Amino acid sequence: MAAKICEGKTKKVFAAENDGSKVIIFFKDDITAFNGKRHDIIPEKGAISAYISSAIFKLLNENGVKTHFIEYIPPNKMLAWKLNMIPLEIVCRNIATGSLLKRLPMLKKGERLKKPIIEFFYKSDELGDPLLNECHLEYIVNREAIEEMKQITLKANEILKKFFEELGFTLVDFKLEFGTTMQGELMIGDELTCDTMRLWINGESFDKDIYRRGGSPEDVLKAYRKVYEAIKERIELK
Ligand code: UDP
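Per numbering that gives the first Met the number 0, residue 0 is the first one in the sequence shown, and the count goes up by one each step.
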């Protein structure tokens, strides 16, 4: 097995053999919430997440939104470009819910936003991923990169909103992470799965909120499987 580069709560990243510009991302069966305070292993989750992330990134790549995705490696891995990750979490919201309600209490849960809201958080478990404003951001990345990340996120949102609508789901919100290649090209990295986006059908969750609210691993798997099956109908990966 190739050398492990890093390991997080739900993924391991390995160097791709004979190519320093690529990595293999291994999706674990772990699920965590509340900064790791709740933790379970859900057999099959890694494979489902690898498929969902690969399919969505493929869709984005084909629609002019660059991601690090190169190839799905069944059942639970993804070949990707090696990125130098920017320590930011970019959240894009179409519907008011979650932590947004604490900042904008005049919004009702489930209310459609007038236009998508983009928020930047500093990626740090230790600090609890604090929300950043534009002034803070300039200490992390330059202005052009901030603007580019915003535009890419909005474009990804349009593509994904339409895609999920056609599958019968409402894309409520999602989180992206960005990085740069060895050539300095900015693109989406990390993952896009039921752990990092909210999907509703008539207000019912088909994402990690089930687990955050105390749902069982079986309930989580059932919902993730439904999303996986719907995506698989549309995007067949070999
Ligand atoms: N999100 C994520 N990782 C995080 C925080 C949020 O993937 O560390 C995703 C989350 O799944 C949702 C969106 O970002 O799709 C917005 O999350 P919010 O800030 O509302 O999170 P909450 O505080 O409700 O968990």
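Here a beta-carbon is modelled for each residue, glycine too, at the ideal position from N, C-alpha and C. Please read these numbers as outputs of a predicted model, since none were measured by experiment.
Taking V12 as the reference, which of I55, V171, P74 and L82 has the closest Cα?
When each option's Cα is compared against that of V12, the closest is L82.
Any non-hydrogen atom of ligand 1 closer than 6 Å to F173 Cβ
True, at least one ligand heavy atom lies under 6 Å from that Cβ.
Heavy atom of ligand 1 within 6 Å of S123 beta-carbon:
Distances from the CB of S123 to the heavy atoms of ligand 1 are all 6 Å or more.
A2, buried or exposed, once every other Cβ within 10 Å from all chains shown has been counted against 16
Result: exposed.
Are at least three pairs of beta-carbons, each pair with one atom in the stretch 10–26 and one in the stretch 137–156, less than 8 Å apart?
A contact between stretches requires three or more CB pairs, one per stretch, nearer than 8 Å, and the stretch 10–26 fails this requirement with the stretch 137–156.
Have a look at T179 and M84 and give me their C-alpha separation to the nearest angstrom.
Taking the straight line from one Cα to the other gives about 7 Å.
In whole angstroms, give me the CA-to-CA distance for I230 and E157.
When the Cα atoms are used, I230 and E157 turn out to be separated by approximately 17 Å.
In the DSSP assignment, what are the bridge partners of K76?
In the DSSP output, where bridge partners are listed per residue, K76 has F25 and I72.
Taking contact to mean 3 or more Cβ pairs, one atom from each stretch, closer than 8 Å, check whether the stretch 46–62 and the stretch 182–192 are in contact.
Between the stretch 46–62 and the stretch 182–192 there are three or more inter-stretch CB-CB distances shorter than 8 Å, so the stretches are counted as touching.
How would you call D172, buried or exposed, if buried means at least 16 neighbouring beta carbons within 10 angstroms?
Counting Cβ neighbours within 10 Å, D172 comes out buried, since at least 16 surround it.
How far does the alpha helix (DSSP H) with R233 in it extend, from its first residue to its last?
Element bounds for R233: P216 to R233.
Hey, how far is the Cα of T9 from the Cα of G35?
Cα to Cα, T9 sits roughly 11 Å from G35.
Considering only heavy atoms of ligand 1, does any lie closer than 6 Å to the CB of M97?
Note that residue 97 is Gly in the sequence shown, not Met. At least one heavy atom of ligand 1 is found less than 6 Å from the C-beta of G97.
Within this structure, are the beta carbons of I234 and A222 separated by less than 7 Å?
A distance of 7 Å or more separates the beta carbons of I234 and A222.
Our contact map puts K76 next to F68 with C-beta atoms below 8 Å; I'd like the distance itself, whole angstroms only.
Between K76 and F68 a beta carbon distance of about 12 Å is seen, past the 8 Å cut, so the two are scored as non-contacting.
Using only the heavy atoms of ligand 1, determine whether one of them is closer than 6 Å to the beta carbon of T66.
T66: no, Cβ never under 6 Å from ligand 1.
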